[in-house]
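**Student:**
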Amino acid sequence: MIYFLDEYLLAKNSSVEHAALKRLALFKQFKQPVKILTRDYDRLSVQTLRELGVAQTDVRNMFDYFQHVPADRPEKAVHNDEINLPTMDEVSVDANQSQVTNGDRLRRQVGYIPGTVGHVYYQNFLDDQGNLVECDLWDARGFKSATQYFGQDGLLAFERYYNLRGVPVL
Numbered sequence: 000m001i002y003f004l005d006e007y008l009l010a011k012n013s014s015v016e017h018a019a020l021k022r023l024a025l026f027k028q029f030k031q032p033v034k035i036l037t038r039d040y041d042r043l044s045v046q047t048l049r050e051l052g053v054a055q056t057d058v059r060n061m062f063d064y065f066q067h068v069p070a071d072r073p074e075k076a077v078h079n080d081e082i083n084l085p086t087m088d089e090v091s092v093d094a095n096q097s098q099v100t101n102g103d104r105l106r107r108q109v110g111y112i113p114g115t116v117g118h119v120y121y122q123n124f125l126d127d128q129g130n131l132v133e134c135d136l137w138d139a140r141g142f143k144s145a146t147q148y149f150g151q152d153g154l155l156a157f158e159r160y161y162n163l164r165g166v167p168v169l
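Residue numbers (numbering that gives the first Met the number 0): 0 to 169.
(1) Does DSSP put Ala18 in a helix, in a strand, or in coil?
(2) Mark Arg49 as exposed unless 16 or more other C-beta atoms lie within 10 angstroms of its C-beta, in which case mark it buried.
(3) Does the Cβ-Cβ distance between Arg42 and Met61 come in under 8 Å?
(4) Across which residues does DSSP place Ile112 in a beta bridge pair?
(5) Which same chain residues end up closer than 8 Å to Gly150 when comparing Cβ atoms and leaving out the 5 residues on each side of it in sequence?
(6) Report the three-state DSSP secondary structure of Glu50 (helix, strand or coil).
(7) So Gly114 and Asn95 are in contact, right, with Cβ under 8 Å, and what is the actual spacing, rounded?
(8) Run the CB neighbour count on Asp138, radius 10 Å, all protein chains shown included, and call it buried at 16 or more, exposed below.
Dropping the structure here:
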């Protein structure tokens, strides 16, 4: 197996990523076993690969590997009713984000994947002063992929990554 290492594959790539994609096609044309390995965490990789016309099985991300995500896992939408929003709080929904309030206090924000209808991308948890303290990150393939924890200064303090069953692996 031949591996091409790259930082990422995005919808708009530099010449380095374009060259990697052309090498992938060339090696596949000559029936050589080949994969592109990407380093950076990307929850939208399934959408990006579809837009680029690249099979998911031709690319392996390091985070997907350690999270034990199958290379061919399909996209799956997760909506508000699947993430256990509090039933006693008011939820106001717009095109890009939902606001969850308890009285006049903003408690949570739920953001959606761009270009989708209500497909959960993140869920922010706020303290009584409205400061971000925790953020759950959802993968486009339909699972909670990571949680970020923030300190009193608002800076990222700790990250935790999960497998498909929700067990921390990184």
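Ideal placement from N, C-alpha and C gives every residue a C-beta, glycine not left out.
**Tutor:** Looking at the atomic coordinates:
(1) Locating residue 18 in the sequence shown gives position 19, counting from the first residue. Residue state, collapsed to three classes: helix.
(2) Position 50 of the sequence shown holds residue 49. Label assigned to Arg49: exposed.
(3) In the sequence shown, counting from the first residue as 1, residue 42 sits at position 43. In the sequence shown, counting from the first residue as 1, residue 61 sits at position 62. No, they are not a contact pair.
(4) Counting from one through the sequence shown, the residue named residue 112 turns up at place 113. DSSP lists no partner for Ile112.
(5) On the sequence shown, position 151 is the one that residue 150 refers to. Counting only Cβ-Cβ distances below 8 Å, and skipping sequence neighbours, we find Ala156.
(6) For the purposes of this step, residue 50 is taken as residue 51 along the sequence shown, with counting starting at 1. In this structure, Glu50 counts as helix in the three-state DSSP scheme.
(7) Along the sequence shown, read from residue 1 onward, the residue named residue 114 stands at position 115. Along the sequence shown, read from residue 1 onward, the residue named residue 95 stands at position 96. Not a contact, Cβ separation roughly 11 Å.
(8) Counting from one through the sequence shown, the residue named residue 138 turns up at place 139. Here Asp138 is buried. Its C-beta has 16 or more other C-beta atoms within 10 Å.
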